[in-house]
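S.K.:
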Amino acid sequence: MYDIIVIGAGPAGLTAAIYARRASKTVLVLEALSYGGQIINTPDIENYPAAMHISGFDFATKVYEQAQELGAEFVFEKAVGIKDNGSTKEVITDDNTYSCKAVIIATGSENRKLGIENEDVLVGRGVSYCATCDGAFYRGKTVAVAGGGNTALEDALYLSDLAETVYLIHRRDAFRGDEATVNALKERTNVKFIYNSNVTKLIADKRLTAIEVTDKNTGAVTVLEINGLFVAIGRIPENQNFAQLIKLDGSGYVEAGEDCVTNVPGIYAAGDNRTKSVRQLVTAAADGAVAATEAVRFCQET
Ligand code: NAP
């Protein structure tokens, strides 16, 4: 019986483990793949306080080692369900069942991918899923943003302050995101709109050099020479295994506010898998601290 089980060893889960151990709780962290989560794909972090120019992998390794040093246990198994017994919970993995008093779900979310050839290989070499993380590398350069939701619109706006030219490529002729942001973008002279089109090919030597864009209506293919492509076509939260117990919103995120409290007492959600407006390394870490503090309180009260 552990006090707290943390599901997911990304920045939110690892921070939760650190906080729970510092409160002297026994902690098991379950991770399906390897520690670090999405941040390990980031080549250079420069927006986390005091961590100037550190790779995502090095950052994650430090936090992992910190949690280990403080006494968190790690098991690399995929959590496939949670059973709520009131003051105790069971977390079921592919291989085992673990008991605890409180659970923190910090499973994160995946970027929805375009699903075209070499997309994975070119991440960090011209393909990015995070404008606020990587935009600064494209100062004075030419970039494209794929997508038509608020993330794509805000990314395009953010990038238009940095890049020389921003192509905004959307598969329809009407944006899903807010009109006000669309209007703000239309006032930028360096933003070029490409409607009814999909990015269909990535052209690269060692880095991305150009993309092919196909007009859905005419089939016409245009080659755009760009330095960076920002893919902003939505995210896929990794909560489906817990959907029977935990309330999710229409997009699959755990319905939990800034206190990380879910609909089930003793179960908390931290990081990118919960409803929130800013999904960043620093907010994931903040969630970990908040969720752990709540979980510790639950353990003490039950
Ligand atoms: P989203 O609202 O789901 O939009 C995804 C966009 O990508 C849509 O325009 C969609 O096209 C397009 N898309 C999806 N799959 C595609 C594919 N395979 N190929 C090409 N295009 C594809 O996602 P989001 O923009 O990340 O926003 C997620 C949520 O966070 C939304 O509720 C959003 O309002 C919110 N958000 C809020 C703020 C804010 O309040 N400041 C900022 C960012 C995000 P279609 O339109 O044709 O479906």
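Counting the sequence shown from 1 gives a position; the working numbering is that position plus 40. Where a beta carbon is used, it is the ideal one built from N, C-alpha and C, also for glycine. None of the values given here were measured: they were computed from a predicted structure.
1) For E150, list the residues DSSP reports as bridge partners.
2) How would you call V330, buried or exposed, if buried means at least 16 neighbouring beta carbons within 10 angstroms?
3) Quick one: using the 10 Å Cβ neighbour count with 16 as the cut-off for buried, is E71 buried or exposed?
4) Based on the DSSP output, what are the partners of F282 in its beta bridges?
5) As a quick exercise: from E117, N223 and V253, pick the residue whose alpha carbon is nearest that of K241.
6) Output the residue ranges of the alpha helix (DSSP H) runs that lie fully inside the region 56-93 and measure 4 residues or longer, sorted by chain position.
7) Shorter than 7 Å, the distance from the beta carbon of I426 to the closest heavy atom of ligand 1, or not?
8) Between the region 169-180 and the region 194-208, do three or more beta carbon pairs fall short of 8 Å?
9) Take Y308 as the anchor and find which of Y42, M41 and V46 has the nearest alpha-carbon.
10) Assign T342 to one of three DSSP states: helix, strand, or coil.
11) At what residues does the alpha helix (DSSP H) containing S127 begin and finish?
12) Beta-carbon of I286 versus every beta-carbon of chain C: anything under 8 Å?
13) Within the present structure, is the beta-carbon of L154 separated from the nearest heavy atom of ligand 1 by less than 7 Å?
14) Using a Cβ-Cβ cutoff of less than 8 Å, which residues in the same chain neighbour A224 once the five nearest sequence positions on both sides are dropped?
15) So, for A91: in the same chain, excluding its five sequence neighbours on each side, which residues have a beta-carbon less than 7 Å away from its beta-carbon?
16) Considering only C-alpha positions, which residue in the set E334, R61, A260 and S291 is nearest to E109?
17) Tell me whether D327 sits in a helix, a strand or coil according to DSSP, three-state version.
18) Nearer than 7 Å: is that true of the beta carbon of T9 relative to any heavy atom of ligand 1?
19) Quick check on V318: buried or exposed, where buried means 16 or more other Cβ atoms within 10 Å of its Cβ?
20) G292 by DSSP, collapsed to three states: which one?
21) Looking only at its chain, what residues have a beta carbon closer than 7 Å to the beta carbon of L264, apart from the 5 residues adjacent to it on each side?
22) Using only alpha-carbon positions, find the residue among K118, I79 and G111 that is nearest to T101.
23) Tell me which same chain residues have a C-beta within less than 7 Å of the C-beta of L285, skipping the five on either side of it?
24) Can you list, in chain order, the residues of its chain with a C-beta nearer than 7 Å to that of E159? Leave out the 5 residues immediately preceding and following it.
M.R.: On the basis of the coordinates in this document:
1) I276
2) buried
3) buried
4) F282 is not bridged to any residue.
5) Of the listed residues, the one whose Cα sits closest to K241 is V253.
6) none
7) Beyond the ends of the chain as shown, which are 41 and 342, falls residue 426; an answer cannot be given.
8) Enough Cβ pairs lie closer than 8 Å, so yes.
9) V46
10) coil
11) Counting along the chain, no alpha helix (DSSP H) covers S127, and no H or E run does either.
12) The chain labelled as chain C is not found in the depicted structure, where only one protein chain is given.
13) yes
14) L197
15) I85 and F99
16) R61
17) helix
18) In the structure as shown, the chain starts at 41 and stops at 342, and residue 9 therefore has no counterpart that could be examined.
19) exposed
20) coil
21) A184, Y207, A250, I251 and V253
22) With respect to the C-alpha of T101, the residue from K118, I79 and G111 having the closest C-alpha is I79.
23) The residues are I122, D124 and V304.
24) These residues qualify, in order along the chain: K153, V167 and L242.
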